[in-house]
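Participant: Got a structure for you, written out below as structure tokens; questions coming shortly.
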Amino acid sequence: SQQGEEDPQALSIQEGENATMNCSYKTSINNLQWYRQNSGRGLVHLILIRSNEREKHSGRLRVTLDTSKKSSSLLITASRAADTASYFCATGPGGTSYGKLTFGQGTILTVHP
Amino acid sequence: EAQVTQNPRYLITVTGKKLTVTCSQNMNHEYMSWYRQDPGLGLRQIYYSMNVEVTDKGDVPEGYKVSRKEKRNFPLILESPSPNQTSLYFCASTAGGRYNEQFFGPGTRLTVL
Numbered sequence: 186s187q188q189g190e191e192d193p194q195a196l197s198i199q200e201g202e203n204a205t206m207n208c209s210y211k212t213s214i215n216n217l218q219w220y221r222q223n224s225g226r227g228l229v230h231l232i233l234i235r236s237n238e239r240e241k242h243s244g245r246l247r248v249t250l251d252t253s254k255k256s257s258s259l260l261i262t263a264s265r266a267a268d269t270a271s272y273f274c275a276t277g278p279g280g281t282s283y284g285k286l287t288f289g290q291g292t293i294l295t296v297h298p
Numbered sequence: 011e012a013q014v015t016q017n018p019r020y021l022i023t024v025t026g027k028k029l030t031v032t033c034s035q036n037m038n039h040e041y042m043s044w045y046r047q048d049p050g051l052g053l054r055q056i057y058y059s060m061n062v063e064v065t066d067k068g069d070v071p072e073g074y075k076v077s078r079k080e081k082r083n084f085p086l087i088l089e090s091p092s093p094n095q096t097s098l099y100f101c102a103s104t105a106g107g108r109y110n111e112q113f114f115g116p117g118t119r120l121t122v123l
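Structure (structure tokens):
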């Protein structure tokens, strides 16, 4: 079964609004990453948060991590039409499996101009 | 330019006809992975490799083979493709260490008739 589960599955907002996507996972992790995918293309890394971090910012992105609840959220502020894409969380497990990432099913974000 | 390349980008084949999808990265990364992406299932890891001649199964390895004879290349082999392997395939690479982003190739859309 998938490690990460994202919520909502789809989100539709107007340009300028904030978009919040949530990710829950099941097992212990050493990091959680968010990726973006434009339709049918490869994924692009957005931000990584380590298991000992609670919040991280990058430009208009804000990620939080609550390891006690096994959940993370991605906030995109002041959204733009160009932010329209699918967003995936991915968890890196504890231990030494550095190359192994488990992805959630993704949230489809549509930003209307 | 740092990149991961995949070939072919599109492939239509028939059941049972062996095929290979190539993947190459120019970033001297140690770790490489193959994923498949299916609607409603997100990305699932097929195989990953920690270094030359070192590979391990991901979540859905059945029906696939990989090899890592050189650091830059990580081909995916389907010995006897079946229709349920119709999917969008992504190769990815990452530098060593626990906290590194994965760089994705552009994807290979495979259809098995």
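So the protein sequences, as listed, match chains A and B.
Mapping to the working numbering: the first sequence position 25 is 210, numbers consecutive.
Mapping to the working numbering: the second sequence position 112 is 122, numbers consecutive.
Built from N, CA and C at the ideal position, the CB exists for glycine as well.
Just so we're clear, the structure is a prediction, and the values are computed from it rather than from any experiment.
1. Could you work out which residues of chain A lie near B:Phe114, taking near to mean beta carbons separated by less than 9 Å?
2. By DSSP, does B:Gln16 sit in helix, in strand, or in coil?
3. Should B:Asn110 and B:Cys33 be called a contact, given that it needs their Cβ atoms to be closer than 9 Å?
4. Just confirm the distance between the C-beta atoms of B:Tyr58 and B:Tyr74, as a whole number of angstroms; I'd bet it's less than 8 Å.
5. Is it true that the CB of B:Gln55 sits closer than 9 Å to the CB of B:Leu98?
6. Determine which residues share a DSSP beta bridge with A:Pro278 and list them.
7. Closest Cβ-Cβ distance between A:Leu294 and chain B: below 9 Å?
8. Cα separation between A:Gly244 and B:Leu21?
9. If we define contact as Cβ-Cβ less than 9 Å, is A:Thr212 a contact residue for chain B?
10. Let me check understanding here. Comparing Cα to Cα, which of A:Tyr272, A:Thr262, A:Ile261 lies closest to A:Asp192?
11. Extract the residue ranges of the beta strand (DSSP E) inside the segment 24–60 of chain B, only unbroken runs of 3 or more that lie entirely within it.
12. With a Cβ-Cβ cutoff of 9 Å, do A:Arg247 and A:Glu200 count as a contact?
13. If we call anything under 9 Å between Cβ atoms a contact, is A:Leu260 one with A:Thr205?
Facilitator: In short, the structure shows the following:
1. The answer, in chain order, is Tyr220, Gln222, Arg226, Gly227, Leu228, Val229, His230.
2. In the structure shown, B:Gln16 sits in a strand (DSSP, three-state: E or B).
3. no
4. About 12 Å separates the two Cβ atoms, so there is no contact after all.
5. no
6. A:Ile214
7. no
8. 38 Å
9. no
10. A:Tyr272
11. Taking only runs of at least 3 residues, the beta strand (DSSP E) segments lying wholly in the segment 24–60 of chain B are 29–35, 41–48.
12. no
13. yes
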